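This report refers to the structure that appears directly beneath it.
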Amino acid sequence: MAFRNFEKKQKPMKALKTYVETHKDRFLNELFELLKIPSVSADSTYKKEVIDTAKFVAKSLENAGCEHVELCETEGYPIVYGEKLIDPKLPTVLVYGHYDVQPADPIELWDSPPFEPIIKKTELHPEGAIFARGACDDKGQMYMHVKALEFMTSTDQLPCNVKFMIEGEEEVGSENLATFVKAHAEKLSNDVILISDTGMISKDTPSITTGLRGLSYVEVEVTGPNRDLHSGIYGGAVANPINVLSKMIASLHDENNRITIPGFYDKVEELSKEERAAMAEAPFSLENYKKALEIDAVYGENGYSTNERNSIRPTLDVNGIWGGYTGEGAKTVIASKAYAKISMRLVPHQDHHEITALFKTHFESIAPKGVRVKVTPHHGGQGYVTPIDNIGYQAASKAYFDTFGKNPIPQRGGGSIPIVALFEETLKSKTILMGFGLNSDAIHSPNEHYGVFNYLKGIETIPLFYKYFVDLKQQK
Ligand code: BES
Ligand code: MN
Ligand code: MN
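When we follow the numbering used here, the leftmost residue of the sequence shown carries the number 36, and every step to the right adds one.
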């Protein structure tokens, strides 16, 4: 009890710094335990581990002071829910995150095993980074919120109500979460949604993500002859599905690297000169960008900068392509079938169902005689933008100012968290994306990592968001 009084007399910021400093080894060790469980939602061989991870998250929420913690069963993996409601008159923050991770493949490209977390120093993280699948996306970032809550409850400084909703199917499309949110809008009611599942510009240039791209994901199959053929006997005389697919894919961009699907750009919002000028002010080094990727030039839609191409512009990319013989040596063969997986990143106002339909119609229409084409849609989602003149954004901005000593830069992100658009539609509240990852953290890639600095800084910044959000809300 004496400890509590002591904490209360100090400014929250001070107590906060001390708390994080005092407990940082434990914060890291707990995250390590979470990272050791391979919660790969896409691969059913990990079913037990995914469920174990949900239980781990539930337990950690309980330990951090959450009440009514439950595993909400769905047709897929459970959603972990917990809350700490202190006063109905106070605002409510809903925290969302995901405990599932991407597959670790290709596993041979990892320098250390993906589910045996280890701290290593890197050029950008001289104080160390945690290497493990999910370290940044999203276990590490999600767990910052659990530890931030622990700080607030254990020092008696939780300034409002909080609800946690942590799902296990984000990496596979969040379909069951969508159903859950629609069915439980009342239970999930809130004043603002808080997510850490994005990135920031750099460790000394904090930024807040103000937009996410939508996604349309399709698989295509091109079928030619009814069986694989000898490429000498038949070569040159029948359509080769792989040649045809390559040609069809190549035709999806024009000489300016614009997407050729009729109607694709119809709803794309063009940003004003002023908005583009503001974007261009964010610190960015093209040289460093190229150097980090070991490329001699960037590539993309003519007339747009790199940062515009990867955030406010839509894209079409082949994510995988296969068919025919890819084994050792040479086999002379014309495959019967060729396949590709194609993603289109969309910007706000482009409807993903509509874009998928436009793609299908167009792709079928450009197939030459001699092949058949099948287009199968996978999951998709709408994009999202949030204005910066709302209390949630301002509270986040003040929080970053306190911990980084600088105002964060608003920045539209290129990735997708499809459920965010549904949150706004169903729960009628804004989402604030306080991401602490770096682009170089290699999420979804081998050697994913998350800076120890970023992890601890996140834990330190989050409680301040709560404080400022409540302050601003009460001033209104
Ligand atoms: N956390 C990412 C999204 C992200 C990362 C947004 C970095 C902005 C910056 C999320 O887990 C993710 O990977 N989303 C998928 C889409 C999902 C439907 C599989 C994506 O963006 O590819
Ligand atoms: Mn994520
Ligand atoms: Mn992800």
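Just so you know, even glycine gets a beta-carbon here, dropped at the ideal spot from N, CA and C. None of the values given here were measured: they were computed from a predicted structure.
Checklist entry - With C-beta atoms as the reference, is residue 233 less than 8 Å away from residue 448? => result yes
Next on the checklist: According to DSSP, is residue 192 part of a helix, a strand, or is it coil?
Outcome noted: coil
Item to check | Between the CA atoms of residue 482 and residue 146 - distance to the nearest angstrom | outcome: 7 Å
Checklist entry - What do you get for residue 279, buried or exposed, if any count of 16 or more other CB atoms within 10 angstroms of its CB means buried? => result buried
Next on the checklist: Using CA atoms only, rank isn't needed, just tell me which of 469, 310 and 284 is closest to residue 400.
Outcome noted: 284
Checklist entry - Which ranges would you report for the beta strand (DSSP E) in the segment 149–231 if only whole runs of at least 3 residues count? => result 153–155, 164–166, 196–202 and 227–230
Item to check | In DSSP terms, what residue 464 is bridged to | outcome: For residue 464, which the question treats as bridged, DSSP gives no partner whatsoever.
Item to check | Inter-residue CB distance, residue 255 and residue 77 (contact presumed, cutoff 8 Å) | outcome: Incorrect: roughly 20 Å between the Cβ atoms, too far for contact.
Checklist entry - Does the separation of the CB atoms of residue 134 and residue 246 fall below 8 Å? => result no
Item to check | residue 173: CB within 7 Å of a non-hydrogen atom of ligand 1 | outcome: yes
Checklist entry - If you draw a straight line from the alpha carbon of residue 288 to that of residue 297, how long is it in whole angstroms? => result 11 Å
Next on the checklist: Can you list, in chain order, the residues of its chain with a C-beta nearer than 7 Å to that of residue 277? Leave out the 5 residues immediately preceding and following it.
Outcome noted: 358, 359, 370 and 373
Item to check | Among 477, 441 and 454, the one whose alpha carbon lies nearest that of residue 515 | outcome: The first residue shown for the chain is 36 and the last is 511, placing residue 515 beyond what the model contains.
Next on the checklist: Please determine whether the Cβ atom of residue 478 lies at a distance below 7 Å from any heavy atom of ligand 3.
Outcome noted: yes
Item to check | DSSP bridge partner residues for residue 445 (one or two, in chain order) | outcome: 243
Checklist entry - Is residue 347 near ligand 1, with its Cβ less than 7 Å from a heavy atom? => result no
Checklist entry - Taking the continuous alpha helix (DSSP H) assigned at residue 276, which residues delimit it? => result 276–285
Checklist entry - Does the distance from the CB of residue 164 to the CB of residue 157 come in under 8 Å? => result yes
Item to check | Range covered by the alpha helix (DSSP H) that runs through residue 310 | outcome: 308–315
Checklist entry - What do you reckon, is the C-beta of residue 121 under 7 Å from a heavy atom of ligand 5? => result As far as ligands go, the structure on display features ligand 1, ligand 2 and ligand 3 and does not contain ligand 5.
Next on the checklist: Buried or exposed, going by whether 16 or more other CB atoms sit within 10 Å of the CB of residue 301?
Outcome noted: exposed
Checklist entry - What residues in its chain sit with their C-beta under 8 Å from that of residue 291, if we drop five residues either side in the sequence? => result 336, 337 and 338
Item to check | Rounded separation between residue 473 and residue 237 - CA only | outcome: 6 Å
Checklist entry - Assuming residue 87 and residue 132 make a contact with CB atoms under 8 Å, what is their CB distance in whole Å? => result Going by Cβ atoms, the distance from residue 87 to residue 132 rounds to 17 Å, so no, they are not a contact pair.
Item to check | Alpha carbon of residue 396 to alpha carbon of residue 330, nearest angstrom | outcome: 35 Å
Checklist entry - Does the beta-carbon distance from residue 311 to residue 450 come in below 8 Å? => result no
Item to check | Separation of residue 492 from residue 476, as counted between CA atoms | outcome: 16 Å
Next on the checklist: Please report the distance separating the alpha-carbon of residue 378 from that of residue 333.
Outcome noted: 20 Å
Item to check | From 250, 508, 405 and 63, residue whose alpha carbon lies closest to that of residue 275 | outcome: 405
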